[in-house]
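Participant:
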Amino acid sequence: MTDYEAATAFLGEWGRFQQQVFFFACMTVIPNGFVGLSVVFVADTPPHRCLVPAQINLTAAWRNSSIPPEGEGREASSCSRYKLDDLLSFSERGLLPGVDVNMSNVPKEGCLDGWEYDRSVYISTIVTEWDLVCDQSWRQPLTSSVFFCGVFTGSFISGQLSDRYGRKIVLFVTMAVQTVFTLIQVFSPSWAVFCALYFVVGMGQISNFVAAFVLGTEILGPRVRIIFSTAGVSLFFAAGYMFLPLCAFFIRDWRMLLLGLNLPGFLYVPFWWFIPESPRWLLSQGRVEEAEAIIRDAAKKNKTEPPTVIFSPLQKDAPSEKKKAHNICDLIRSRNIRRISVTLWLVWNTVSIAYFALSLNTANLHGDAYFNCFLSAAVEIPAYTLTWVIFQWCSRRPSLFSSLFTGGLFLLLIRFIPAHLSSLAIALEMTGKFAVTAAFAIVYAYTAELYPTVLRTTAVGTCSMASRIGSITAPFFIYLRSYSVSLPYILMGSLTVLTGLLSLLLPESYGMPLPDTITHMQRFPGCCQKTPYTLTHTEEGENTAERKT
Numbered sequence: 019m020t021d022y023e024a025a026t027a028f029l030g031e032w033g034r035f036q037q038q039v040f041f042f043a044c045m046t047v048i049p050n051g052f053v054g055l056s057v058v059f060v061a062d063t064p065p066h067r068c069l070v071p072a073q074i075n076l077t078a079a080w081r082n083s084s085i086p087p088e089g090e091g092r093e094a095s096s097c098s099r100y101k102l103d104d105l106l107s108f109s110e111r112g113l114l115p116g117v118d119v120n121m122s123n124v125p126k127e128g129c130l131d132g133w134e135y136d137r138s139v140y141i142s143t144i145v146t147e148w149d150l151v152c153d154q155s156w157r158q159p160l161t162s163s164v165f166f167c168g169v170f171t172g173s174f175i176s177g178q179l180s181d182r183y184g185r186k187i188v189l190f191v192t193m194a195v196q197t198v199f200t201l202i203q204v205f206s207p208s209w210a211v212f213c214a215l216y217f218v219v220g221m222g223q224i225s226n227f228v229a230a231f232v233l234g235t236e237i238l239g240p241r242v243r244i245i246f247s248t249a250g251v252s253l254f255f256a257a258g259y260m261f262l263p264l265c266a267f268f269i270r271d272w273r274m275l276l277l278g279l280n281l282p283g284f285l286y287v288p289f290w291w292f293i294p295e296s297p298r299w300l301l302s303q304g305r306v307e308e309a310e311a312i313i314r315d316a317a318k319k320n321k322t323e324p325p326t327v328i329f330s331p332l333q334k335d336a337p338s339e340k341k342k343a344h345n346i347c348d349l350i351r352s353r354n355i356r357r358i359s360v361t362l363w364l365v366w367n368t369v370s371i372a373y374f375a376l377s378l379n380t381a382n383l384h385g386d387a388y389f390n391c392f393l394s395a396a397v398e399i400p401a402y403t404l405t406w407v408i409f410q411w412c413s414r415r416p417s418l419f420s421s422l423f424t425g426g427l428f429l430l431l432i433r434f435i436p437a438h439l440s441s442l443a444i445a446l447e448m449t450g451k452f453a454v455t456a457a458f459a460i461v462y463a464y465t466a467e468l469y470p471t472v473l474r475t476t477a478v479g480t481c482s483m484a485s486r487i488g489s490i491t492a493p494f495f496i497y498l499r500s501y502s503v504s505l506p507y508i509l510m511g512s513l514t515v516l517t518g519l520l521s522l523l524l525p526e527s528y529g530m531p532l533p534d535t536i537t538h539m540q541r542f543p544g545c546c547q548k549t550p551y552t553l554t555h556t557e558e559g560e561n562t563a564e565r566k567t
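For what it's worth, the working numbering labels the leading residue of the sequence shown as 19, then goes sequentially.
#1: I'd like the span of the beta strand (DSSP E) that includes Glu-323, first residue to last.
#2: Do Ala-381 and Ala-387 come within 8 Å of each other at the CB atom, strictly closer than that value?
#3: Going by beta-carbon coordinates alone, are Glu-398 and Thr-455 separated by less than 8 Å?
#4: Roughly how many angstroms separate the alpha carbons of Ser-142 and Asp-21, rounded to a whole number?
#5: How far does the alpha helix (DSSP H) with Glu-447 in it reach, from first residue to last?
#6: Would you kindly work out how many angstroms separate the C-alpha atoms of Phe-423 and Ala-463, rounded to a whole number?
#7: Please list the terminal residues of the continuous beta strand (DSSP E) segment that includes Ile-133.
#8: Return the residue from the list Met-483, Val-169, Leu-279, Trp-406 that minimises the CA-CA distance to Met-260.
#9: So is Ala-25 buried or exposed if we call it buried at 16+ other beta carbons inside 10 Å?
#10: To the nearest angstrom, how far is the alpha carbon of Tyr-183 from that of Leu-276?
#11: Quick check: what's the CA-CA separation for Ser-527 versus Ser-413?
#12: Below 8 Å between beta carbons: does that hold for Ser-163 and Pro-493?
#13: Can you tell which of Arg-474, Ala-457, Glu-88, Pro-400 has its C-alpha closest to the C-alpha of Thr-235?
#14: Quick check on Ala-61: does DSSP put it in helix, strand or coil?
#15: Give the single residue among Ser-377, Pro-115, Leu-498, Gln-410 whose Cα lies nearest to the Cα of Val-57.
#16: Of all the CB atoms in chain B, is at least one closer than 8 Å to the CB of Asn-226?
#17: Would you grab the beta carbon distance between Ser-504 and Arg-433 for me? Rounded to a whole angstrom, and I think it's under 8 Å.
#18: For Leu-301, which residues in the same chain have their Cβ closer than 6 Å to its Cβ, ignoring the five residues on either side in sequence?
#19: Would you decide whether Ala-437 is buried or exposed? Buried here means 16 or more other CB atoms lie within 10 Å of its CB.
#20: Give me the Cα-Cα distance between Ser-107 and Asn-82, rounded to the nearest whole angstrom.
#21: Where DSSP assigns a beta bridge to Ala-94, which residues make up the other side?
#22: In this structure, what does DSSP give as the bridge partners for Val-119?
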C-alpha cells in the first residue's frame, strides 16, 4: 500500500477541504463539553433541613428551635429534627426552648415529613425532586457513576464498531443517541428512569467524541493534525464546558436546563453532508475507489489537480494485515503492544479520576457555584493552547510526565492550606486542574500517534474505556469530603504523581509518521529495540517497515 500521506500530499495541508473537516469535526464535540458535566447543576445538593409541617401548632420560638445543631460550626442539622410530639407538648404548656427546657435532653427523629430546600440558587434539581439526601445521599454520586458506566460501555463498543463499519456512521449515530435520549430524560418520572437514560446518554457521548477525534486525526495532514488533536477538539470541548454555567445561571430548573442544552443538537443534522468518511479507514478495508472519490472531491475543493492514479491498484487485491478483521484482543496479542496498552490504560485511568473529580467538585468549593464552574472550564483554554505549543516543539513522553507530575504536586499542596485561606486552596486546585487537563489532551493525541490505523479507533476507545473506570469512581472521591476535606486531594495527588513516573516507560512518537499496521508501531522498552521506520514499496505492492538498527 502506498504511503497515504505521500499519496495525498498534492492536496496541501490547509485547503478548503481540510478547513471544512477541521471545523465541522471540532464542532461536533461541543455538546460533549456540557452533557457529561451538566450533572454539576442537575444533581447539585442545595442546603436543606427537615420539614416541619405548617399544620403542626407550634409557637414561633419552638418552630425556630425544631432543628438541632450539629458539627463544629453548630449549624442546623440536615437530616434530623427534635421529636415533634415533645415540642408540641412543650409549646402547649407555655415553656420556652433553652430557658425552661434543656434542648440537649430532647429526643430526636429523622425527617419523617420530608425536607425543605433552599431555593435561592436552584428552582429544582434531581436531588430536591426525589429527595436524594441523608440516607439516600449515596444516590447523588451514583448518578454520575451511572453516566460514566455508560461511557465505559460506549468506549468498549464504539471503537470496534467504528473500525468495522466506519468513523462517519458511528459519529452521527452516537450524536443522535446523545441528543434524543437526553431529551427523553427531561420527562423522567423517577430517579431510576433518569439513571437508565443517563447510561445510554453516556454511551453516545464518548462514542461521538472518539469517532470525531479519530476521523479528523486520520484525514488531516501532520502539522494540522497536531493542532486538531491537541488544541482543536479540546478547545471546542472547553467552549461547550464554558457554555454550561452560563446556561445554568439563567435556567435554574433541571428539566428546562437539559432541554435548553440539547435542543441545539438537531442543528448537527446537515453536518452529514460536510464531513466525509476517513479515506485511511476505507483503504484499510480495501475500498480504494471510495477513498479515491473522497480525495478527488477534496482536490476539487482545494482547486488542485489530482494524479491519474492516487492509490496503487494492487491494493485492491493484495492480502495485507489491514484487510484482516481486527478487534480488541489485538491490543494484548504481542508483548510490545500489550505493554504499551496496559501502561496507557493506567495513565488514562488516573488522568480521568483527577480530571472528573476536580470538574465535579466545583459546586463544593467556597463561593459561587456558577463562577467556580466557569473558572474550572476557563482554565482549560490555556491548558489546551499550551498543549498545542508543546506538541509542536516537544517530545511526547516528557510532556506527559511533566503535566502529570506537576498536577499531582499542586493537589498534594492543598492539604497544607489552612481553612481560612480558601482562595489560595481554590487557586491551587485550579492550577492542578490546568495541569491535569493538559495531560488529558496530551494523552489523547499521544495515544492516536502510537497505535496503527487498523486499530486506532479501537485502541483510543479502549483507552477511553479504561479511563472510565476512573471516571466512575471520581464522584466517590468527592464523596470522601464528608469524612475529610483533604482526603480526596491526597489520593488524587499521589496517584497522579506515581502515574507520571509510569508514563516515562512509553515509547516516543514525536516526529514519527502515523503507523498503518501493528508491525509499524514504536517499541516499548525491552521489546526488540528498533528505531522508527521509513516506508518502501515492495514487489507485492505493500509498504513494509524498513527499520534502522
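Just so you know, even glycine gets a beta-carbon here, dropped at the ideal spot from N, CA and C.
As the structure is a prediction and not an experimental result, all values here were calculated from the model.
Facilitator: This is what the structure holds:
#1: Looking at the DSSP string, Glu-323 is not in any beta strand (DSSP E), and its letter there is neither H nor E.
#2: Here Ala-387 is near Ala-381, since their CB atoms are less than 8 Å apart.
#3: yes
#4: 57 Å
#5: 440-468
#6: Pairing Phe-423 with Ala-463, the inter-Cα distance amounts to about 19 Å.
#7: Residue identity differs from the one stated: residue 133 is Trp in this sequence, not Ile. Looking at the DSSP string, the run of the beta strand (DSSP E) that includes Trp-133 is 133-135.
#8: Leu-279
#9: The residue is buried, with at least 16 neighbouring Cβ atoms inside 10 Å.
#10: Here the alpha carbons of Leu-276 and Tyr-183 stand approximately 31 Å from one another.
#11: 8 Å
#12: yes
#13: Arg-474
#14: coil
#15: Ser-377
#16: As a matter of chain content, chain B is missing from the structure shown, which is built from one protein chain.
#17: That belief holds up - the Cβ atoms of Ser-504 and Arg-433 are roughly 5 Å apart, short of 8 Å.
#18: Ala-309
#19: Its Cβ having fewer than 16 others within 10 Å, Ala-437 is exposed.
#20: 16 Å
#21: Pro-87
#22: Pro-115, per the DSSP bridge assignment.
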